[in-house]
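Residue numbers (the working numbering): 6 to 698.
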């Protein structure tokens, strides 16, 4: 699937508005309202099991169940412990939209049940700043002797009012002291809370690194790891712990250094020495930590290359992964990685292959040589495909594999040539012969690759193969190729739509993904494919689900039907699917306003920074207004630091909409005028002219 980070960035401000009638929007809103009303009524049932079922269903709706908050608030005082507990949890899942329940939840803090009180504190934290009236009681609970309560209360305090320095200061001792608690749950809560506190917690946590109790030291390392980059000032203390006699302390410190990623000049050489440590966990975490430094881990490349010969396979694999994370700066390790392809343990072979792919162009000669090895040719082709256009030198070797008897090897060669794209033009004659042949295997792949290369001379043949009955995969591939080579040809689109729709049920996930992609690119003319795309939202492969979500938005069929379908994907386990769903909802604009609470919740609570960023973009378009813009502003400012220049351009342009008069936006945009990418510089300068007045 095309990179969603790039896709979203490019389309952020140019996505077409999706038209629908006012009655459609009203109908959708009414359906949801009726559903919530039914569940709210069910909360009044005399049957506790019925009430409990309604509470659980409302929890699944999350912020969309906000209309049920008054009814839920009443149930927080239920005498049935299970019902009371589930109700408290559900209010937390509704989040900021459950602000009206704060008084009820505050009363629940005095429940006789410790678990109910504990959950109430977490729900108040998830509701956010609207829970400030509960702060006095939470402050009292933060002094409770029971750490399960005191830590939850302290976490709630810093979550509800994170900018209150005095409050954060009062909560820190509770959280820091909990790092020594015997309960794993309490320690985990403390680490998570300190991670949310961030920079203000660094000094207090770093002070515990030198604690004589190794458990305290390890938990302090974990907390600093949770804080991440803002804990850079603690790097010297962590580096000092890398030679601790306790190997557990040593690897916890190594892991924290990797998570923080600061002071590479000092940290990486010390971590590199640990690659010879007698403890297997220490060697493993040292390798992983070096990898976390990315290209800045270059100084450890020789040691990592040597570690590819470690006696332990898990360490060899960790070293290979670290070299891959270092990327092109690890090109000196190519010979060692090429040798590691012959490792007797498959996980090491795969890790080495992936590392060669991450190193890129410098690894092409080694991989090209392995195309001659029947045991590794398929894997080598796969990795060359991941390298893409820079693997042009391997095209002749890949072309030779097209005559391989093994279908899997031939398939990987075709996919690699497709990924190399226009740089694989030397393969066109062979591919044309394959497409015109009567071969039982490979013709569909040839059609696909020819389109990826941009071979316009294949069109006359494709117009014939698309009608070749009895060969569904060839018809689908030909359809995809035609609309890819001639995207503006309406006749080709009309001819292709039925075959692409059938392709959504192909046995091959690549075919299903590309079919969805092509239907989306065709746009509104592909409305007949909407039911099939809706079914594809249940595909077992994440890439296919994500592409189907994007296609539904691009086709722009009736939002009344599409918005609920797409909204369900916001909780998909795969990040790329959630990104696609958020983006798709944003393209519907105000017509998707019914799901605005979900987007606002994503923006506020997701632990995935990119997901929060895309949610901010979508929320601004779905529910524009001062409140939304204010919440989105810091995320868009931060997005000016995205690694992808298209993303930075989109962030700058979005700030042109919501950043008028914002000192933070203006300062960030001024800095962006010095960006290394000209498009970013130009976008920032253009926006500044509009908002810096």
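Cβ coordinates follow ideal geometry from the N, Cα and C atoms, glycine included.
Tell me where the alpha helix (DSSP H) around residue i begins and ends.
| i | result |
| --- | --- |
| residue 478 | 477 to 490 |
| residue 502 | 495 to 508 |
| residue 651 | 650 to 663 |
| residue 307 | 306 to 312 |
| residue 671 | 668 to 677 |
| residue 145 | 140 to 146 |
| residue 600 | Element bounds for residue 600: n/a, residue is neither H nor E. |
| residue 631 | 631 to 644 |
| residue 190 | 189 to 202 |
| residue 370 | 369 to 375 |
| residue 615 | 614 to 627 |
| residue 326 | 318 to 331 |
| residue 391 | 382 to 392 |
Expressed to the nearest angstrom, what Euclidean distance is found between the alpha-carbon atoms of residue i and residue j?
| i | j | result |
| --- | --- | --- |
| residue 639 | residue 432 | 48 Å |
| residue 411 | residue 401 | 18 Å |
| residue 64 | residue 628 | 23 Å |
| residue 231 | residue 356 | 26 Å |
| residue 762 | residue 560 | Since the first residue of the chain shown is 6 and the last is 698, residue 762 is not available in this structure. |
| residue 557 | residue 175 | 50 Å |
| residue 635 | residue 165 | 17 Å |
| residue 29 | residue 538 | Annotation note: pLDDT 43 at residue 29 (below 50); position unreliable, no value reported. |
| residue 293 | residue 332 | 14 Å |
| residue 582 | residue 233 | 26 Å |
| residue 132 | residue 207 | 26 Å |
| residue 328 | residue 319 | 14 Å |
| residue 218 | residue 399 | 56 Å |
| residue 291 | residue 198 | 26 Å |
| residue 619 | residue 595 | 16 Å |
| residue 436 | residue 451 | 5 Å |
| residue 248 | residue 343 | 32 Å |
| residue 157 | residue 69 | 26 Å |
| residue 288 | residue 309 | 10 Å |
| residue 258 | residue 360 | 25 Å |
Does residue i come out as helix, strand or coil in the three-state DSSP assignment?
| i | result |
| --- | --- |
| residue 282 | coil |
| residue 584 | helix |
| residue 705 | No answer is possible for residue 705: the residues shown for the chain start at 6 and end at 698. |
| residue 10 | Legend: pLDDT at residue 10 = 41, less than 50; position of this residue unreliable, value from coordinates given subsequently. Looking at residue 10 - three-state DSSP - the assignment turns out to be helix. |
| residue 696 | helix |
| residue 685 | helix |
| residue 1 | Residue numbering for the chain in the displayed model covers 6 to 698; residue 1 lies beyond these limits and cannot be assessed. |
| residue 459 | coil |
| residue 266 | coil |
| residue 218 | coil |
| residue 579 | coil |
| residue 348 | coil |
| residue 111 | helix |
| residue 453 | helix |
| residue 133 | helix |
| residue 543 | coil |
| residue 151 | coil |
| residue 513 | coil |
| residue 82 | coil |
| residue 471 | coil |
| residue 297 | helix |
| residue 51 | coil |
| residue 444 | coil |
| residue 62 | helix |
| residue 251 | coil |
| residue 227 | helix |
| residue 118 | coil |
Just to check my reading of the structure: residue i and residue j have Cβ atoms closer than 8 Å, yes? What is that Cβ distance to the nearest angstrom?
| i | j | result |
| --- | --- | --- |
| residue 678 | residue 689 | 5 Å |
| residue 447 | residue 407 | 7 Å |
| residue 464 | residue 490 | 6 Å |
| residue 103 | residue 74 | 5 Å |
| residue 555 | residue 516 | Contact doesn't hold; Cβ gap of about 17 Å is too wide. |
| residue 454 | residue 500 | Not quite, the Cβ-Cβ distance comes to about 20 Å (not below 8 Å), so this is no contact. |
| residue 492 | residue 518 | In fact, because the Cβ distance is near 18 Å, the residues do not count as touching under 8 Å. |
| residue 304 | residue 315 | Not confirmed; about 19 Å, so no contact. |
| residue 93 | residue 125 | 5 Å |
State whether the segment 75 to 82 contacts the segment 601 to 615, with contact taken as three or more CB pairs (one from each stretch) at a distance under 8 Å. At 8 Å Cβ cutoff, the stretches do not touch.
When you compare the segment 38 to 49 with the segment 560 to 580, are there three or more beta-carbon pairs, one atom per stretch, that lie closer than 8 Å? Using a C-beta cut-off of 8 Å, the segment 38 to 49 makes no contact with the segment 560 to 580, since fewer than three inter-stretch Cβ pairs fall below that distance.
Can you confirm whether the segment 386 to 398 touches the segment 359 to 373 when touching is taken to mean that 3 or more C-beta pairs between the two stretches lie within less than 8 Å? By the C-beta criterion, the segment 359 to 373 is judged to be in contact with the segment 386 to 398, since at least 3 inter-stretch pairs fall below 8 Å.
Under 8 Å: do the segment 131 to 147 and the segment 183 to 196 share three or more Cβ pairs, one atom per stretch? Verdict: no, contact absent.
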